[in-house]
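Notes to accompany the following structure.
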Amino acid sequence: MIISNHFERELIILHIILTNKSTTLTLLSEEIAIPKLTIKGDILKLNNYFVEHTKNENDLIISNNQGIISINPMFSDNIITYFYQLKLALSNNSTLFRLCVLLLTNYSISKQQILDHLFISEAYLLKLCSQLNGYLSQFDLSVNSTNQIYSLKGNEICLRMFSYTILQDNFQGMEWPFDSTTPIVNFDNSNSAISLTKNHALYLFSEIVQQRFLNDNFLVIDPDDSLYDLLKLLQESYDVTKLFNKSPFENLSENVADSEKLYLNFFARIFLSDLISSETKINLGRKFQEFDHPACRLANEIYSKFSNVFLEPISANENGIYLYYLTIFNILYSLIGDKYVLFLELMIPVPHLNINKTDDYMNRIKKEIAELFEDKALENYIAALLYTVSSFKKSTTLKLYIQMSKVFTAVYVIEKRIQTIFNTNNIVFTNNFSEADIVITDSFEKKSTDQILFYLDSINNSNRWIDLISLIQQKFIEKIDDRKK
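Under our numbering, the first residue of the sequence shown is numbered 2, with each subsequent residue one higher.
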């Protein structure tokens, strides 16, 4: 990581605490494999950082007499904001991180400017550059120094991906990392079809490519290249570049502008995937099925093999989604190889990919598709993608039995309320007590070992309804996970 190990560890601890209602030192110690005393010290530091950087007087993380650790309820509504504020503050505490940001936001910068900006010595700058080079080498990037001018050099695609990932994940629109004028986003525009974060992400994309353009660093693809037509198909389905208020492509020659738009549209499918509607993705997946390109042909072969593992019915729409994601990833892999996971590891928390899953379902997927791959890394990525996308499709039902004896209208009310919240194909009611997963009752009842007895004293008890809905969700997810084993 570009930030120190202890800052990274502290942020991971904070993230675990904020994503759980409560935890303990023992559970935290087991999850991240470090001593409880270290975690206790890190929590104290996190509270100190919080007070220092947010000007609040109360601790962010609290614990009770039973050792239960949780987020202070005073701050729970804004905890995501506080997490990213602390993340940026801790990142900025790292001189290596600030050097990296300087190099990412300036195409070139003099040694003296770096020394003045970071308040460091020349000897320390050399040490930092050596550290940074060691880290950047895995991305085919390096810090270049010529005539006391510093810049980043290397693989253009990796450089842009690295720039976007570092700057977006750390700054999140809270601050503008470039020296250019901060983009004006209307925070009161509730009618905007794009979220504020996505607006900032688009501005960031634009600023990164403009900086590259000003210094004649382009991504150009030959129209005769088979990838050109495939990327053109992507662009025609939904052109992300039309979302820019000011086009960064205006001063480019026509062929360069066309190529850059194609690449930007492709990488928007990776980094701004939620801008593209599911309907657009499905339609594109159907077109990929008929398109003559190695990435599409491989996607079709993979999907055909996967169908032998995933034996449940798949609709035409789902078929399109699978082919869309498989093709997009095949293109990405052809451009950056097995570096994708390295880019994910730049983020805190690191997104989960299921690459290391070893359960029976994953093993069956890998066994079925293995003959299609000489590249083991690509096979692992594709298996993880299939595992993830198919996880919540597997047909699962949770059966509820209602036994309400005190108010004779209660059974109907409970059924209807649950049916308005959940998919009735997955959450079903049964008249057979013995096959029920959850028994909802207002009185005493004996249950089997595998059953859960939920006491609902009144259909008007809002707190118990919240608990019941949470229980149904939890048990349904557990059944899905059990089916994958």
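Here a beta-carbon is modelled for each residue, glycine too, at the ideal position from N, C-alpha and C. Small disclaimer: the values here were computed from a predicted structure and weren't measured.
Q) What do you reckon, are the CB atoms on Gln404 and Val440 nearer than 8 Å? A) Remark: C-beta atoms of Gln404 and Val440 approach each other more closely than 8 Å.
**Q.** Start-end ranges of the beta strand (DSSP E) lying completely within the segment 55 to 124, minimum 3 residues
**A.** Within the segment 55 to 124, the complete beta strand (DSSP E) runs of at least 3 residues are 62 to 64 and 70 to 72.
Q. In this structure, does DSSP put Gln475 in helix, strand or coil?
A. Shown here, Gln475 sits in a helix according to DSSP, grouped into three states.
Q) Touch check for the segment 270 to 283 and the segment 319 to 335: three-plus C-beta pairs under 8 Å? A) Yes, since at least three Cβ pairs between the segment 270 to 283 and the segment 319 to 335 fall closer than 8 Å, the two stretches touch.
Q | Same chain, Cβ closer than 6 Å to Val241, five either side skipped, listed in chain order | A | The beta carbon of Val241 sits closer than 6 Å to those of Asn266 and Ala269, all from its chain and outside the five residues before and after it, given in chain order.
Q: Spell out the partners DSSP gives Val1 in its beta bridges.
A: Within the shown structure, residues of the chain are numbered from 2 to 486, placing residue 1 beyond reach of any answer.
**Q.** Residues of its chain near Asn192, where Cβ-Cβ distance is below 8 Å and the 5 sequence neighbours each way are ignored
**A.** Because Asn192 carries a pLDDT of 49, less than 50, the predicted location of this residue cannot be relied on, and the following value inherits that uncertainty. Same-chain partners within the cutoff: there are none.
Q | Helix, strand or coil at Ser305 [DSSP, three-state] | A | In the structure shown, Ser305 adopts helical secondary structure according to DSSP, grouped into three states.
Q: Note down the Cα distance separating Asp226 from Leu336, rounded to an integer number of angstroms.
A: In a straight line, the C-alpha of Asp226 is about 14 Å away from that of Leu336.
**Q.** Rounded C-alpha distance that separates Phe206 from Ile14
**A.** In a straight line, the C-alpha of Phe206 is about 30 Å away from that of Ile14.
Q) Taking Cβ positions, are Tyr304 and Tyr323 nearer each other than 8 Å? A) In this structure, the beta-carbon distance from Tyr304 to Tyr323 falls below 8 Å.
(Q) Quick check on this structure: which residue in Cys159, Thr147 and Ser152 has the alpha carbon closest to the alpha carbon of Phe140? (A) Of the candidates Cys159, Thr147 and Ser152, the one whose C-alpha sits nearest the C-alpha of Phe140 is Cys159.
Q) Taking the alpha-carbon positions, what's the Tyr388 to Asp360 distance? A) Taking the straight line from one Cα to the other gives about 11 Å.
Q: Give me whichever residues DSSP pairs with Gln420 in a beta bridge.
A: Partner(s): none; Gln420 has no beta bridge.
Q. So, helix, strand or coil for Tyr264, using DSSP?
A. The answer is helix: DSSP assigns Tyr264 an H, G or I state.
Q) Since Val440 sits in a beta bridge, which residues does DSSP pair it with? A) Per DSSP, Tyr402 and Leu454.
Q. Are there 16 or more other CB atoms within 10 angstroms of the CB of Asn190, so buried, or fewer, so exposed?
A. With a pLDDT of 48 at Asn190, under the threshold of 50, the modelled position of that residue is not reliable, and no figure is offered here.
Q: Might you give, ordered along the chain, the residues of its own chain that have their beta carbon closer than 6 Å to the beta carbon of Asp170, omitting 5 neighbours on each side?
A: Excluding five sequence positions before and after Asp170, the CB atoms of its chain that fall closer than 6 Å to its own CB belong to Met348, given in chain order.
Q: Have a look at Thr27 and Leu401 and give me their C-alpha separation to the nearest angstrom.
A: If you draw a straight line from the Cα of Thr27 to the Cα of Leu401, it is about 35 Å long.
(Q) If you follow the beta strand (DSSP E) that Phe430 is in, where does it begin and where does it stop? (A) From DSSP, the beta strand (DSSP E) with Phe430 extends over Ile428 to Phe430.
Q.
Helix, strand or coil, according to DSSP, for Thr24 in the structure here?
A. Residue state, collapsed to three classes: strand.
Q. For Leu29, which residues from the same chain have a beta carbon less than 6 Å from its beta carbon, with the 5 sequence-adjacent residues on both sides left out?
A. Once the five neighbours on either side are set aside, the close Cβ partners of Leu29 are Ile40.
Q. Can you tell me the Cα-Cα spacing of Val310 and Gly338, whole angstroms?
A. So the two alpha carbons sit approximately 26 Å from each other.
Q. Quick one: what's got a C-beta closer than 6 Å to Phe188's C-beta in the same chain, skipping five residues either side?
A. Legend: pLDDT at Phe188 = 41, less than 50; position of this residue unreliable, value from coordinates given subsequently. Excluding positions up to five away in sequence, the list is empty.
Q) Going by beta carbon distance, what residues of the same chain come within less than 6 Å of Ala411, once the five residues before and after it are set aside? A) The answer, listed in chain order, is Met405 and Ile460.
Q.
If distances are taken between C-alpha atoms only, which option among Ser122, Phe172 and Leu454 comes closest to Lys476?
A. It is Leu454.
Q: Report the three-state DSSP secondary structure of Val257 (helix, strand or coil).
A: The answer is helix: DSSP assigns Val257 an H, G or I state.
Q) Taking Cβ positions, are Leu244 and Leu168 nearer each other than 8 Å? A) No, Cβ-Cβ distance for Leu244 and Leu168 is not below 8 Å.
Q.
Could you tell me the alpha carbon to alpha carbon distance between Pro178 and Ser5, rounded to whole angstroms?
A. Going by the C-alpha atoms only, they are around 20 Å apart.
Q.
Measuring straight from C-alpha to C-alpha, what distance separates Leu19 and Phe214?
A. Between Leu19 and Phe214, the C-alpha separation is close to 41 Å.
Q: Identify the continuous alpha helix (DSSP H) that holds Ser279 and give its terminal residues.
A: Its alpha helix (DSSP H) spans residues Ser279 to Glu291.
Q) What do you reckon, are the CB atoms on Asn156 and Leu142 nearer than 8 Å? A) Yes. Within cutoff.
Q.
Taking the alpha-carbon of Phe163 as reference, which of Leu299, Thr425 and Phe98 has the nearest alpha-carbon?
A. Nearest C-alpha to Phe163: Phe98.
Q.
Helix, strand or coil, according to DSSP, for Met363 in the structure here?
A. It is helical.
Q. Would you report the Cα separation of Phe570 and Leu345, rounded to the nearest angstrom?
A. Nothing about residue 570 can be reported from this structure: the residues present for the chain run from 2 to 486 only.
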